[in-house]
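In the numbering used here, the protein residues as written are 2 to 347. Note that the Cβ used here is the ideal one computed from N, Cα and C, for glycine as well.
See the structure below:
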């Protein structure tokens with residue numbers, strides 16, 4: 002009888018039910034490859050899936066290629082997110098047990114740089130009899146960031162590793178993701194560490210990379226993203242930091258011309274979006290590169306595009322990538338600036 006009682010007590014854990022990735026109650030966000038709907042592939046930092054689930058426990062199932070890292074947040078507890086460091090291949094990861102029996106909010110969010118790993122999301126395991134229920138409505142406002150390691154969040158979480166490590170990369174607490182939460186916007190981040198507008202630390206530059214469907218598609222390879230699938234209301238561009246190291250002799254004519262060309266590419270995809278051209282928080286923001294940004298934006302304004310703006314971050318971190326505290330300050334700055342152009346915080 003005692004064994005039977007123990008068995009019944011733990012039945013919900015013993016008979017966990019897999020909810021496959023194609024369940025209609027999963028709400029996906031990001032440039033995701035849905036070729037196999039039961040195993041959609043995530044690559045870009047900031048890619049996310051939301052859901053609501055019932056029960057007292059949660060496991061997440063991935064098939065990993067390359068070593069990505071993910072947050073799993075339950076009930077919007079952003080101060081206590083569970084971090085998954087994916088191992089190669091298919092695996093199921095324990096996230097939570099002993100939750101209050103009821104309905105819980107779930108957010109799975111890719112922390113790490115998009116160019117280094119792809120992850121097939123296979124679903125979640127819940128208590129026997131537990132289920133997903135309809136998620137909350139999507140945010141009405143949409144925000145997209147284009148940039149380099151600063152926008153990715155390299156070095157944001159120094160508690161887990163050194164500045165340039167995968168472990169220290171944390172897109173969720175980057176300035177872009179924080180700002181999106183401040184203004185209650187759905188967020189996407191198209192970024193890669195080391196990328197430049199004119200010259201990167203490797204062959205691919207941002208104008209060759211920004212339109213890739215998959216973040217691991219370098220030098221113009223792979224599928225082109227269909228921009229009609231998702232249209233942001235706000236675009237933030239933060240580029241030139243790597244150029245300031247790899248192409249120090251760039252002239253004003255070259256810098257302004259390259260910047261103009263890229264902003265016009267973005268405008269071609271998003272005719273109605275507000276485009277905010279920022280720079281910082283590293284050392285490029287206090288040199289000639291900030292002038293290139295301001296001059297390009299002024300020229301676009303003079304040509305009739307009045308919804309392009311420039312903002313140079315006041316916070317300065319020099320040669321050091323911004324940490325979590327720095328990103329919080331950057332988000333506060335950017336949020337305040339957005340209010341001046343009609344985008345208020347929630």
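Proximity of residue 59 and residue 125 at Cβ, strictly below 8 Å: To locate residue 59, count along the chain shown from 1; it is residue 58. To locate residue 125, count along the chain shown from 1; it is residue 124. Taking 8 Å as the Cβ cut-off, residue 59 and residue 125 qualify as a contacting pair.
Delimiting residues of the alpha helix (DSSP H) encompassing residue 283: Residue mapping note: residue 283 aligns to position 282 of the chain shown, counting from 1. Looking at the DSSP string, residue 283 is not in any alpha helix (DSSP H), and its letter there is neither H nor E.
Three-state secondary structure (DSSP) of residue 208: Numbered from 1 along the chain shown, position 207 holds the residue referred to as residue 208. Reduced to three states, the DSSP call for residue 208 is helix.
Limits of the unbroken alpha helix (DSSP H) element including residue 302: Locating residue 302 in the chain shown gives position 301, where the first residue counts as 1. Segment 289-303, the alpha helix (DSSP H) holding residue 302.
Closest residue to residue 138 among 333, 28, 64, 260 (Cα-Cα distance): Taking the first residue of the chain shown as 1, we reach residue 138 at position 137. Considering only alpha carbons, the answer is 28.
Per-residue burial, residue 243 [other beta carbons within 10 Å of its own, 16 or more giving buried]: Here residue 243 corresponds to residue number 242 of the chain shown, with the count starting at 1. Counting Cβ neighbours within 10 Å, residue 243 comes out buried, since at least 16 surround it.
Buried or exposed (CB count within 10 angstroms, at least 16 for buried), residue 62: On the chain shown, residue 62 is found 61 positions in, with the first residue counted as 1. By the neighbour-count rule (16 or more Cβ atoms within 10 Å), residue 62 is buried.
Bounding residues of the beta strand (DSSP E) (the contiguous stretch that carries residue 75): The sequence position of residue 75 within the chain shown is 74, counting from 1. Unbroken beta strand (DSSP E) run through residue 75: 70-75.
Residue 14 versus residue 129 - alpha carbon distance: By one-based count along the chain shown, residue 14 stands at place 13. By one-based count along the chain shown, residue 129 stands at place 128. Low local confidence applies: a pLDDT of 45 at residue 14 is under 50, so the model's placement there is unreliable, with the coordinate-based value given in what follows. The alpha-carbon atoms of residue 14 and residue 129 are separated by roughly 7 Å.
Coil, strand or helix - residue 151 by DSSP: Position 150 of the chain shown holds residue 151. The answer is helix: DSSP assigns residue 151 an H, G or I state.
Outcome for residue 290 when other beta-carbon atoms lying within 10 angstroms are tallied against a minimum of 16: Taking the first residue of the chain shown as position 1, residue 290 is located at position 289. Under this definition residue 290 is a buried residue.
Check whether residue 146 and residue 237 have beta carbons under 8 Å apart: If you number the chain shown from 1, residue 146 lands on position 145. If you number the chain shown from 1, residue 237 lands on position 236. In this structure, residue 237 lies closer than 8 Å to residue 146 by Cβ.
Minimum length 3: unbroken beta strand (DSSP E) runs contained in the region 90-163: 90-97, 103-111, 119-127, 142-148
Presumed contact (8 Å Cβ cut-off) between residue 175 and residue 115, rounded CB distance: Working through the chain shown from its first residue, we reach residue 175 at position 174. Working through the chain shown from its first residue, we reach residue 115 at position 114. Between residue 115 and residue 175 the Cβ distance is about 13 Å, and since that is not below 8 Å, they are no contact.
Chain-order list of residues whose beta-carbon lies under 6 Å from that of residue 171 (same chain, five-residue window excluded): Counted from its first residue, the chain shown places residue 171 at position 170. Counting only Cβ-Cβ distances below 6 Å, and skipping sequence neighbours, we find 112, 154, 157, 158.
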